[in-house]
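Written out below as structure tokens is the structure these notes cover.
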Ligand code: CAP
Ligand code: MG
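Residue numbers (my numbering): 117 to 547.
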């Protein structure tokens, strides 16, 4: 057991080249705090369950050290030599690998990672970020809007493209695929790209606004890259990727491909709750979000607080800060480390899950204007259908931006869709 204590050093001062991870830990009964944190540092760097005859000074020098602890929160410093720069899979195999299954620890949660410059520099970050997206979409200040056709899967390609046309001409910026729609028999990827491109051109001509599509390219890596290229050939400036089910390696490959295609990445986070829902174990969404920013997604789902899916206000706001700012300050008790994002651009946060016009003002007041407001049911459940639903969503956004109450704004001429939406959905927060 003494070999573990070699990985605990409260006098250690992390250098600028260290990666610092913040963990929350719960040792098994009978395991001391120092043994527990020593085990975490050991197993995630270069220690194991016994003393080793092969341990040389040059190897010991680059071990991880648990160096700061308060209650059951501990900071561990990892010299950057432990990592392969530019490889998120390798980083996760280390700091989020075997340690989650150790018998000596009942629960373990990776709260946050503070990346050293050497690692920061080895990833691309977003190609466009908030400013870049606003520039190519020609939308200066207001929140951006998107809709996902519902039912999630089952629509034919022409039904899907028609929904896109109605949404775009109703005033929305983006059409979005659902996370489980990729290339099924009833709605093939290539046919969908073609039909939606046609409808986009038509909608752009009619509205004079720029329209785009988060087309879901998620799939086996090589296939995913082919899909991104195909979308680029139809002049889509975006692709969507289910980043958790795809995995970091696939996302990194997609990020490289989109550099050549000049496409932004809309990151859907389906499956994230497997890691982050249990507050005592797993990996926080903040950690996943930071890694997604580092690799280089341009949009990321961050939650709604008031919508249909879990995520507290504190959590959603901390993810939002981390996505938008260049400098983040440490809030140790909340499990947040400091970060300096240097050259890495900000990510456009996307709020989605049970949203509808009646609760749009609250979302904007909470999350600001640099947000993509995405609604599925809240658009296609509108009594007038997709077009009326889209008009209502855009009108709700415009009302809040112009500083007027929804009910008042809905009385203006031409705002019938908003009025009907308010009658239909009210201000209800879905559960
Ligand atoms: C929203 C959505 C999104 C979730 C997930 C859905 O539809 O398309 O996948 O919001 O986002 O299928 O549920 P509705 P997040 O607008 O009909 O709810 O992970 O950020 O919560
Ligand atoms: Mg969805």
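For glycine and all other residues, C-beta sits at the position ideal for the given N, C-alpha and C.
If I follow the unbroken beta strand (DSSP E) through residue i, where does it start and stop?
i: residue 181; result: 181–186
i: residue 208; result: Unbroken run through residue 208 is the alpha helix (DSSP H), 204–211; no beta strand (DSSP E).
i: residue 358; result: 354–358
i: residue 142; result: 134–143
i: residue 260; result: 260–263
i: residue 384; result: 380–384
In this structure, what does DSSP give as the bridge partners for residue i?
i: residue 496; result: Residue 496 pairs with nothing; no bridge assigned.
i: residue 466; result: 417, 488
i: residue 452; result: 447
i: residue 191; result: 138, 184
i: residue 327; result: According to DSSP, residue 327 bridges with nothing at all.
i: residue 228; result: 138
i: residue 290; result: 262, 328
i: residue 223; result: 142
i: residue 124; result: 182
Given this structure, state the Cα-to-Cα distance separating residue i from residue j, to the nearest angstrom.
i: residue 163; j: residue 295; result: 40 Å
i: residue 442; j: residue 456; result: 6 Å
i: residue 517; j: residue 395; result: 35 Å
i: residue 219; j: residue 226; result: 17 Å
i: residue 144; j: residue 134; result: 29 Å
i: residue 150; j: residue 467; result: 41 Å
i: residue 258; j: residue 293; result: 23 Å
i: residue 388; j: residue 527; result: 41 Å
i: residue 304; j: residue 211; result: 39 Å
i: residue 262; j: residue 355; result: 14 Å
i: residue 487; j: residue 148; result: 45 Å
i: residue 123; j: residue 444; result: 28 Å
i: residue 418; j: residue 208; result: 21 Å
i: residue 130; j: residue 380; result: 36 Å
i: residue 390; j: residue 524; result: 42 Å
i: residue 492; j: residue 195; result: 45 Å
i: residue 250; j: residue 290; result: 12 Å
i: residue 318; j: residue 285; result: 9 Å
i: residue 156; j: residue 233; result: 24 Å
i: residue 314; j: residue 326; result: 14 Å
i: residue 533; j: residue 185; result: 55 Å
i: residue 287; j: residue 324; result: 11 Å
i: residue 494; j: residue 404; result: 27 Å
i: residue 434; j: residue 170; result: 43 Å
i: residue 137; j: residue 222; result: 19 Å
i: residue 430; j: residue 301; result: 42 Å
i: residue 501; j: residue 352; result: 25 Å
i: residue 348; j: residue 397; result: 40 Å
i: residue 401; j: residue 216; result: 16 Å
i: residue 165; j: residue 247; result: 49 Å
i: residue 515; j: residue 206; result: 47 Å
i: residue 362; j: residue 519; result: 41 Å
i: residue 531; j: residue 256; result: 23 Å
Counting along the chain, where does the alpha helix (DSSP H) carrying residue i start and finish?
i: residue 523; result: 522–525
i: residue 540; result: 532–541
i: residue 514; result: 501–517
i: residue 388; result: 388–392
i: residue 277; result: 273–285
i: residue 246; result: 245–253
i: residue 477; result: 476–483
i: residue 337; result: 337–349
i: residue 436; result: 429–440
i: residue 397; result: Segment: none, residue 397 is in no alpha helix (DSSP H) and carries neither H nor E.
i: residue 299; result: Note, residue 299: premise wrong, no alpha helix (DSSP H); not H, not E.
i: residue 364; result: 364–377
i: residue 152; result: 149–159
i: residue 472; result: Counting along the chain, residue 472 falls outside any alpha helix (DSSP H), and DSSP gives it neither H nor E.
i: residue 236; result: 233–236
i: residue 173; result: 173–176
Against chain D, with Cβ distances strictly below 8 Å, would residue i count as a contact?
i: residue 401; result: The chain labelled as chain D is not found in the depicted structure, where only one protein chain is given.
TODO: Inspect the CB distances between the region 458–474 and the region 395–414 and report whether three or more fall short of 8 Å.
DONE: yes
Open item on the list: Using 8 Å as the cut-off, can you tell me whether the region 324–340 makes contact with the region 187–203, which would need three or more C-beta pairs spanning the two stretches below that distance?
Closed with: no
Open item on the list: Could you check whether the region 298–312 touches the region 272–284, counting it as contact only if at least three pairs of C-beta atoms, one from each stretch, sit closer than 8 Å?
Closed with: yes
Open item on the list: Is it the case that the region 335–343 contacts the region 358–374, given that we only count it when at least three CB pairs across the two stretches are under 8 Å?
Closed with: yes
- [ ] Flag this pair as touching only if the region 435–449 and the region 501–517 have three or more C-beta atom pairs under 8 Å; answer yes or no.
- [x] no
Task: Contact the region 468–482 vs the region 416–428: 3+ CB pairs below 8 Å - done: yes
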